[in-house]
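Okay, so here's the structure we're looking at.
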Amino acid sequence: MSNLNERGNSQGSSLTDNKSYEQVLVALRRVIRATDLHSKRLSKHAGLTGPQLLIMRTIRDLGEVTIGTIADHVSLSQATVTTILDRLEHRALVYRVRSTQDKRKVHAHLTEEGADLLARAPLPLQDNFIRKFQNLDQWEQSMIVASLQRVANMMDADEIDASPVLDVGSVLREDGWNGKT
1 MSNLNERGNS QGSSLTDNKS YEQVLVALRR VIRATDLHSK RLSKHAGLTG
51 PQLLIMRTIR DLGEVTIGTI ADHVSLSQAT VTTILDRLEH RALVYRVRST
101 QDKRKVHAHL TEEGADLLAR APLPLQDNFI RKFQNLDQWE QSMIVASLQR
151 VANMMDADEI DASPVLDVGS VLREDGWNGK T
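Note that the UniProt record's numbering has the sequence shown beginning at 1, numbered continuously upward.
Structure (structure tokens):
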């Protein structure tokens with residue numbers, strides 16, 4: 001009888017596990033879908049990607065800022081930030097100026113058109129998330145971080161470079177700019 005109960009519990013546990021992993025996959029799909037929908041809304045209303053918006057907001061918030069400082073602030077490489085700035089500069093949304101004190105430094109600035117576009121752009125998806133996350137108790141924040149890090153590990157995504165920008169696709173995905181003027 002004991003073996004039957006153990007097998008029964010084992011099978012019951014298996015059924016629960018199946019439902020649990022399905023619930024996790026559905027939740028992940030919802031996060032991906034919410035990110036996709038917000039990215040499309042941002043693109044439609046402002047013509048920007050999430051990383052472009054984040055970089056423009058960083059320039060606005062920090063004022064005269066170097067590419068390295070932007071890269072640190074948005075957790076992207078300097079090369080990636082430079083490529084995104086190339087695209088934004090091509091669209092006349094930002095401009096860069098070499099420092100007069102240190103010729104090795106280049107400072108990024110918003111153009112008037114860039115500032116106007118930024119004022120009309122929807123807020124990044126992560127802004128609402130950050131506010132809600134920060135309202136959680138510390139233990140719950142830690143549990144969420146640990147769980148999501150474990151999920152990333154289970155999806156073999158530990159080594160994927162990612163910034164804290166909720167956006168789908170490559171941060172360098174095509175936006176109509178081919179790098180030629």
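Glycine included, each C-beta is placed from N, C-alpha and C at the ideal position.
Cβ neighbour criterion (16 or more within 10 Å) applied to residue 87
buried
Bridge partners of residue 66, per DSSP?
107
Are the Cβ atoms of residue 119 and residue 59 separated by less than 8 Å?
no
Would you check if the distance between the CB atom of residue 68 and the CB atom of residue 78 is smaller than 8 Å?
yes
Can you tell me the Cβ-Cβ gap for residue 76 and residue 94, rounded? I've got them flagged as a contact below 8 Å.
Residue 76 to residue 94, Cβ: 15 Å. No contact.
Determine the direct distance from the alpha carbon of residue 41 to that of residue 21, and round the result to whole angstroms.
30 Å
Note down the Cα distance separating residue 121 from residue 39, rounded to an integer number of angstroms.
12 Å
Return the chain-ordered ranges of every beta strand (DSSP E) run that is complete within the UniProt domain "HTH marR-type" (21-153) and spans a minimum of 3 residues.
94-98, 106-110
Rounded to the nearest angstrom, what separates residue 30 and residue 142 at their Cα positions?
22 Å
Taking the alpha-carbon positions, what's the residue 153 to residue 146 distance?
10 Å
If residue 106 and residue 66 are in contact, beta carbons under 8 Å, what's the gap, nearest whole angstrom?
7 Å
Hey, residue 89 and residue 98 are a contact pair by Cβ (cut 8 Å); roughly how many whole angstroms apart?
That pair is no contact at about 14 Å.
Burial state of residue 37, where buried means 16 or more other Cβ atoms lie within 10 Å
exposed
Just mark residue 144 as buried or exposed, buried being the case when its beta carbon has 16 or more other beta carbons within 10 Å.
exposed
State the Cα-Cα distance for the pair residue 63 and residue 23, rounded to the nearest angstrom.
44 Å
Cβ-Cβ separation, residue 55 to residue 26 (assumed contact under 8 Å), whole Å
With 8 Å as the limit, residue 26 and residue 55 do not qualify as a contact, their Cβ atoms being about 33 Å apart.
Distance cutoff 8 Å, beta carbons only. Does residue 42 sit that close to anything in chain B?
This model lacks chain B altogether; it includes just one protein chain.
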